[in-house]
Structures are given as C-alpha cells and as structure tokens.
Amino acid sequence: MVILVELEKKSTNLMLFTQLGLRSELTEAVKTKGYTEPSPIQAQAIPAILAGKDVIGGAQTGTGKTAAFGLPLLQILAESEFKTKRPRALILAPTRELAAQVHQSITDYGKRLNLQSAVIFGGVGFNPQITALSRGLDIIVATPGRLIDLCRRREANLSAIEILVLDEADRMLDMGFIRDIKKILKLLPKNRQNLLFSATYSREVKKLADTILSEPVEVEVAPRNATADRVDQEAFEVRQKSKRSTLSSMISKGKWSQVLVFTRTKHGANRLTTQLNKDGVTALAIHGNKSQSAREKALASFKAHKVRVLVATDIAARGLDIVSLPYVVNFELPNIPEDYVHRIGRTGRAGLSGKAISLVSETESEYLFAIEKLLKKRIPLFQYREDDDNLEIERLSSSPPLHSRSNNRSHPNQSTNSRPPSRKRISQRNKTGRKGNAGSDANQKSRSPTKLQDKTPEPRRWKPRKIRPASMK
Ligand code: AMP
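Numbering (our numbering), first residue to last: 923 to 1395.
Rendered as structure tokens:
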C-alpha cells in the first residue's frame, strides 16, 4: 500500500521546524544555519521519516532535501538505545562533491548530538577513512565504489545499518552504479528504513524504488522533471566558434560576479577555462580528470568569489550547492535532457531566483528540442548582439522551434497541423542579423532590450511555492 501525504494542506500552512517533532538540538542547529521555516519537502518528509516509514522523495535539486532526510535520520539515531561501533546509517551519493556536501550538512545539523560520521569516496588515500571506521561511526556518507572496496578489505561493516538513504538515485543509475548498489544492498540487514530521493523519474529509478522500498510515503515538491520554478531560462543562438567571445562578453558587460558554466567534455572545460582567463575573466575548471584536491580547491575558490567562473562537466558539478549562485550557463547543451534539469538546478536554490542561459549552436537544435519536450515548455530564444558599451538582446519570435527543426516530430505544446513557420537557419541569420542590421528581418523578431545585469542576492529565506501533489507510481 502506498500512503500519500496531504501535500497541499501541509505546505500551504506556515509551519515551524519546532512543529515537525524535531528535538531542540536539531531545531537549534537549523536556526544557526539561518533557516526560518521548513521547505516543502522538509515539511512533508520529516514527520514521515520520524514515524519510521520508508520514503520516496521526488525533489529537484536545491529544495532542501538533505535536511529533509538528514534531520530525522540524526534524531532517530540519537534516540536509539542500540549502541554499536558499526555504522547505523548509510547515505549513498553519486559524486564525491555531493557526498562531501551532504556530510558537511549532516555535521552541521548534528553538531549538538553525540554522533560520529565520516565521508568515504575514491580519489583520496584509504588510511584516514580506515582510521575513522575503526574508531567507530554512526553515519557513513559514501560514493558506492570506495565503500565496496572498504567492505572487501573488511574495513567497513554494514551489518548494523538501520537507515539507508539513496541520494540523487537517478544520477547514480545514469552513472552506472546499479551493480554497486546491488552489491551494497546484499551487505545490509533486511530489516531497515529506506529513503530514496531523485530529481527525475525514469523507469529504472522506479524499478529500483520498487525493489528497495516497502509501503513508501511519497513526497514530491515539483512536477516530475520540472526545472526549478524560480530559474529564469533563456537560450541564445550563437555560432559554435563565437561561443567563447559571446560568453566573455556576457560576463564582462553583464557584470556577472559568479557564473557556473557547463561544457560537455573535460577537454572542452580546460580549453574554455584557458580562453576565459586570456580574456581577463578569471576561471577554474572542475571535472573528473582533475585530482580531488584540485576539484576541492577550484570549488572553494569559486564559492569564496576568488574566481568569477567555474567551468564544469556534468559529473563533477552534480549536487554542487553554491549559495545564491546567480547564473548558470550551458556553453554546450547536454545530450541527455535530464542533465539540463540538474545543471540549471545549481541556481535558483533554497527559494532564491536565478538565471540559466544556454548558448545554442547550429548543431544543437535537436538537444534544445529534447529539453523542451522533457520540460513540456518552451525556452525563450534570443540573439545576442554585442554593442560597444551595452549588452543587447534581440528576442526571436517566441513560439517557433529553433532553427529548422527539420524532422516531423511535433513539440508537446504544439499540434502538428498548426506548426509555426520555422525560423531562419543560423547561417542565414548571420548574414542579415548582424549588429545594426536588426531591422532587416523585423517580422521575425521583436526587440526586447533586456540587460543582463548582476543582481544582489535576496535574503536566505524559504519562499513557499505552490506544490502539486503527484503520484510517482
Ligand atoms: P539541498 O537541496 O539539500 O542541496 O539544499 C539546498 C540549499 O538550501 C542548501 O544551501 C541548504 O543549506 C538550503 N536550505 C535547506 N533547507 C532550508 C530552509 N528550510 N530554509 C532555507 N534554506 C534551506
């Protein structure tokens, strides 16, 4: 049986952390973090987890899901009378960065409780992790590969796990961790509480949920595969070879203070980083070929505003939590549409607004099409034109698909019979749409002199959003 919580009712009433049944050590900790009220996923998941239920959480990134499972998990462990040196809670995450971030949150939330935790991931030495395990731990936050290595060496013993959390389950499956997850499941006691969080729902995630969860409470704070409501999304038609100069210009002229840029490849990330630095825009790269310490250093410099741009690949940037990040740029569109959702979820977090900009070249219209299909909405498309002391944007006609979306598939919002006329191909536009020549195809575009200026971040308060209850089954 699936128990559905009354999402609408719970989320629309203003709620306080103290009303969720949390201990004072935890409500004090969230107060110290500056949270004034629970986010919707927290309001729904915390009571269910405290009641010992399995939970499946459909939460897009930035919704506060870490505290949604972290706070009740800490409380359950703190109140348990069963004491052992073996870990009692296991949180699995797809990337080292996410594991480190989750561990940091667990440490912050639990600092008034007498619980020990450690983070375990590859790319760093075994010894500190082995030492932590041998001293005795309550909570392990881990990526699957290194945890299995430690279990094989008999350094980690998972036989006392009471609570299992799969964080960003969709990404773990995308990254091919299913076999590792199955191996880990075999090492856990059968009788345990299971929590699974995923931003998107594929058939594989559902299958995994079905095998792990028992009578789960479903909590979902946004329509499936939806992007954060507060992220303002725009796309710009840019030729591949002009992308770098366009990006430099956008950043400099828009006075963007902090921007996370996604490239499709590690090599592309390195090249773009070098080019941006040559243009006088400080940048660092973060991707899987960098050592763990280089990745940590790059992220720390970016978070501390020592560099303006962090150029990342999808895997490295997964789960990154950068407070008040105002801009995300897709230098190249991802070929997996779900990755777009994760990328832009780096901004617009914790109820703040953000902007996601995609630079779309002549070869990427199919990717944009696939993303719009997944989102079931159009992303406004503009043409970027550089002006001497100004940054001008030309809005392209709002409804037709990008370039010539040549195949016969219709957009989800658009009936096949009433397809709008296709836009000019980018090659044609470049002949007519140069600076000072905007009037030549005035019928195709209406000018919108938007200025992309940096903005001051809003205060750190969760702004309640409308919640749609939706079953995941
Ligand atoms: P998460 O989705 O768990 O990665 O959280 C995203 C961001 O929201 C993090 O920076 C958290 O510190 C922040 N956050 C979590 N819960 C709240 C809350 N109730 N109020 C304000 N910020 C929060």
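For every residue, glycine included, the Cβ atom is placed at its ideal position computed from N, Cα and C. It should be emphasised that the depicted structure is a prediction, and the values quoted were computed from it without experimental measurement.
Boundaries of the alpha helix (DSSP H) in which residue i is found, first to last residue
i	result
residue 1096	1091-1096
residue 967	962-972
residue 1154	Run containing residue 1154: none in the alpha helix (DSSP H); it sits in the beta strand (DSSP E), 1153-1159.
residue 1013	Residue 1013 -> not in any alpha helix (DSSP H); beta strand (DSSP E) instead, spanning 1011-1014.
residue 1291	1287-1297
residue 982	Element bounds for residue 982: n/a, residue is neither H nor E.
Beta-carbon proximity check, residue i vs residue j, cutoff 8 Å
i	j	result
residue 1154	residue 1277	yes
residue 1106	residue 1069	yes
residue 1231	residue 1160	no
residue 1256	residue 1262	yes
residue 1242	residue 1221	yes
residue 1268	residue 1244	yes
residue 967	residue 1027	no
residue 1009	residue 1080	yes
residue 1135	residue 1281	no
residue 1014	residue 1087	yes
residue 1037	residue 1082	no
residue 963	residue 986	yes
residue 996	residue 948	yes
residue 1172	residue 1306	yes
residue 1045	residue 1213	yes
residue 1102	residue 1067	yes
residue 1034	residue 981	no
residue 1112	residue 1283	no
residue 1063	residue 1021	yes
Rounded separation between residue i and residue j - CA only
i	j	result
residue 1052	residue 1131	31 Å
residue 1371	residue 1184	Residue placement at residue 1371 cannot be trusted, given a pLDDT of 31 that sits under 50; the coordinates are not used to answer.
residue 1089	residue 1119	5 Å
residue 942	residue 961	12 Å
residue 1319	residue 1162	With a pLDDT of 40 at residue 1319, under the threshold of 50, the predicted position of this residue should be treated as unreliable, and no value is reported.
residue 1326	residue 1209	Any reading at residue 1326 needs caution, since the residue's pLDDT is 40, under 50, leaving its predicted position unreliable; the model's value is listed next. Looking at the two C-alpha atoms, the distance is approximately 33 Å.
residue 1126	residue 940	37 Å
residue 1332	residue 1253	Its pLDDT being 34, under 50, residue 1332 is placed unreliably by the model, and the measurement read from it follows with that caveat. Straight-line Cα distance between these residues: approximately 26 Å.
residue 1128	residue 1091	10 Å
residue 1411	residue 1029	Nothing can be reported for residue 1411: it is not among the residues displayed for the chain, which extend from 923 to 1395.
residue 1039	residue 1002	16 Å
residue 977	residue 1142	10 Å
residue 937	residue 1114	29 Å
residue 1229	residue 1204	5 Å
residue 974	residue 1094	25 Å
residue 957	residue 1196	38 Å
Residue range of the unbroken beta strand (DSSP E) whose run includes residue i
i	result
residue 992	Run containing residue 992: none in the beta strand (DSSP E); it sits in the alpha helix (DSSP H), 987-1001.
residue 1184	1181-1184
residue 1260	Here residue 1260 belongs to no beta strand (DSSP E); instead the alpha helix (DSSP H) covers 1259-1266.
residue 1049	No beta strand (DSSP E) holds residue 1049; the alpha helix (DSSP H) holding it covers 1049-1057.
residue 1250	1249-1252
residue 1162	That residue, residue 1162, is in no beta strand (DSSP E); it is neither H nor E in DSSP.
residue 1284	Taken as a continuous stretch (DSSP letters only), residue 1284 belongs to no beta strand (DSSP E), as it is neither H nor E.
residue 1115	1115-1120
Supposed contact pair residue j and residue i - C-beta distance, whole angstroms, cut 8 Å
i	j	result
residue 1259	residue 1303	Wrong, their Cβ atoms sit about 17 Å apart, outside the cutoff.
residue 1279	residue 1156	5 Å
residue 1077	residue 1055	5 Å
residue 1235	residue 1188	6 Å
Minimum Cβ-Cβ distance from residue i to chain E less than 8 Å
i	result
residue 1110	Among the chains of the structure shown, chain E does not appear; only one protein chain is present.
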